[in-house]
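As structure tokens, the structure follows; a few thoughts come after it.
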Amino acid sequence: MSDLAKIMADLHSALANELLERVNSKTATASDLSVVRQFLKDNGIDSVPKKGDPLERLSHTLPFTGPEDDETAGYLPN
Numbered sequence: 000m001s002d003l004a005k006i007m008a009d010l011h012s013a014l015a016n017e018l019l020e021r022v023n024s025k026t027a028t029a030s031d032l033s034v035v036r037q038f039l040k041d042n043g044i045d046s047v048p049k050k051g052d053p054l055e056r057l058s059h060t061l062p063f064t065g066p067e068d069d070e071t072a073g074y075l076p077n
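When we follow numbering that gives the first Met the number 0, the leftmost residue of the sequence shown carries the number 0, and every step to the right adds one.
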């Protein structure tokens, strides 16, 4: 592994560890959570809600009720 590749791998790992620490300690700010979301997206990490998991519970709190709301999905009024 070249020096630059090692540096990049170390930075990637350090960022992941720092973000995880902030989330686990419940000190993550809204900005931190946005960085976490983008970091996961950039690294191809996604999830499908499963019955009873936190993602499923979060999905039930969103202001959408069903397929008829698809045209406004992602839109939250001001």
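All C-beta atoms, glycine included, are put in the ideal place defined by N, C-alpha and C.
For D41, the secondary structure class from DSSP, reduced to helix, strand or coil, is helix. Taking 8 Å as the cut-off, the beta carbon of L18 is found closer than this to the beta carbon of V35. Assigned with DSSP and collapsed to three states, D52 falls in coil, not helix or strand. Nearest neighbour of N42 by Cα position, chosen from A8, T60, K49, H59, turns out to be A8.
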